[in-house]
């Protein structure tokens with residue numbers, strides 16, 4: 006991927022590539038110092054721990070600091086290939102002298118428990134093998150941005166701060182209900198029978214090109230209803246809308262598998278955003294959720310707004326998956342004592358996680374200065 010890092014997929018091709026990832030890696034491999042000169046050389050360690058693939062990169066000019074990276078939502082665990090260059094966004098941090106460690110998680114989907122547990126194990130492994138870092142930062146894209154926030158709310162002690170990139174910075178149950186579930190409910194009202202019921206998605210439902218194409222053809226065959234759907238969802242194009250509808254369906258299948266049922270109850274939801282909201286609310290399907298499934302999702306995770314370390318969040322102005330009103334939630338949920346520890350910044354790009362390496366680097370530099378100086382950076386950085 007050139008020029009942009011990604012978390013959730015904005016283009017079905019990105020997700021299909023993830024589905025083709027190979028499973029399993031060899032035992033950890035480590036490149037040591039250069040035998041020719043004795044000078045320090047970059048080190049790369051790839052291995053398996055607790056059922057998850059991991060990768061560690063240490064630059065030749067290591068400054069003693071560590072950045073832990075959470076990847077975005079993927080249907081299958083990520084793996085790391087021997088001999089491959091550091092994946093984005095690792096070069097942003099490696100070029101600044103920081104080591105980078107990242108877990109592929111032992112499970113795909115909404116793998117909150119696995120990602121937190123296995124990334125913490127990776128942090129401890131790094132300290133045992135390379136020494137305790139002078140500083141430890143955490144960052145991630147999309148689901149990884151959400152995980153960055155979760156980690157710094159629940160286990161901030163070993164970290165200096167976080168860079169949350171294009172994440173849904175809100176309670177997972179609220180975000181999933183008001184964005185993922187509601188988009189599918191309204192889609193079914195406008196295009197009935199095209200996709201499985203959002204309250205009962207088959208366990209084996211997956212994103213595939215044929216399914217996305219089928220939805221796209223339905224949208225293109227009814228421009229008036231497609232425009233209504235795009236208006237409600239805040240999505241600009243039919244191809245984006247088709248990808249979003251199918252991807253959201255796969256997320257619902259994942260949540261229902263994990264939670265043991267449908268966690269969402271929309272019997273009292275008032276829907277707005279079409280040209281005839283009265284007809285929409287009369288005709289939209291209503292579902293009663295499972296209390297047990299709702300509780301499972303609530304625990305994974307409901308943000309508290311309590312921070313003790315600085316967090317800088319970056320979002321794009323237009324994001325077809327996580328619109329601005331989702332990450333905006335967090336600023337309204339902050340504890341009074343945490344007001345000065347959270348800052349949200351936007352970049353003027355279209356697309357999910359369309360944040361350039363340069364913008365990521367400037368955000369990280371500002372976060373580090375913020376921690377060291379105690380001075381909160383501006384919401385809008387100066388032009389480079």
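In my numbering, the protein residues as written are 6 to 389.
Glycine residues also receive a C-beta, built at the ideal position from the N, C-alpha and C atoms.
Predicted model, so just to flag it, every value in this text is computed and none were measured.
- A contact is defined here as three or more CB-CB pairs under 8 Å, and the stretch 131-149 fails this definition with respect to the stretch 203-213.
- Under the three-state reduction of DSSP, residue 89 is assigned to coil, being neither helix nor strand.
- DSSP, reduced to helix, strand and coil, places residue 222 within a helical segment of the structure shown.
- Between the stretch 297-304 and the stretch 328-337, the count of Cβ pairs shorter than 8 Å is below three; the stretches do not touch.
- Remark: C-beta atoms of residue 364 and residue 322 do not approach each other more closely than 8 Å.
- Collapsing the DSSP output to three states places residue 206 in coil.
- Residue 302 sits in a helix when the DSSP states are folded into three classes.
- Between residue 68 and residue 102, the gap from beta carbon to beta carbon is short of 8 Å.
- Cβ-Cβ distances below 6 Å link residue 175 to 331, 334 in the same chain, with the five nearest sequence neighbours on each side left out; the list follows chain order.
- Listed as beta-bridge partners of residue 105 by DSSP are 62, 72.
- The alpha-carbon separation between residue 368 and residue 149 amounts to approximately 16 Å.
- Residue 236 is positioned such that its CB atom lies closer than 8 Å to that of residue 278.
- Burial check for residue 271: the Cβ neighbour count within 10 Å reaches 16 or more, so the residue is buried.
- Bridge pairing for residue 312: absent [DSSP].
- Contact between residue 167 and residue 314 holds, with the beta-carbon distance rounding to 7 Å and staying under 8 Å.
- The three-state reading of DSSP puts residue 146 in strand, counting E and B together.
- Assignment of beta-bridge partners to residue 54 by DSSP yields 57.
- When the Cα atoms are used, residue 71 and residue 343 turn out to be separated by approximately 24 Å.
- Annotated three-state conformation of residue 351 is strand, per DSSP.
- Pairing residue 196 with residue 338, the inter-Cα distance amounts to about 35 Å.
- Looking from the CA of residue 136, the closest CA among 304, 104, 153 belongs to 104.
- By the 16-neighbour rule on beta-carbons within 10 angstroms, residue 198 is exposed.
- By the CB criterion at 8 Å, residue 281 and residue 114 fall outside the cutoff.
- Residue 234 is a Cβ neighbour of residue 191, given a cutoff of 8 Å.
- The Cβ neighbour count for residue 304, taken over all protein chains shown within 10 Å, is under 16; the residue is labelled exposed.
- Rounded to whole angstroms, the separation of the alpha carbons of residue 74 and residue 45 is 24 Å.
- Counting every other CB atom within 10 Å of its CB across the protein chains shown gives residue 275 a total below 16, marking it as exposed.
- Residue state for residue 250 is assigned as helix, using DSSP reduced to three classes.
- Taking each of 283, 311, 266 in turn and checking the Cα distance to residue 293, the smallest one comes out for 266.
- Residue 162: not part of any beta strand (DSSP E); DSSP gives it neither H nor E.
- The beta carbon of residue 118 sits closer than 8 Å to those of 305, all from its chain and outside the five residues before and after it, given in chain order.
- Under the DSSP assignment, residue 194 falls in the alpha helix (DSSP H) whose first and last residues are 187-195.
- In the structure shown, residue 322 adopts extended strand secondary structure according to DSSP, grouped into three states.
- Between residue 377 and residue 326, the CB-CB gap reaches or exceeds 8 Å.
- When 54, 77, 94, 89 are compared, the shortest CA-CA separation from residue 125 is found for 54.
- When beta bridges are read from the DSSP output, residue 168 appears opposite 144, 317.
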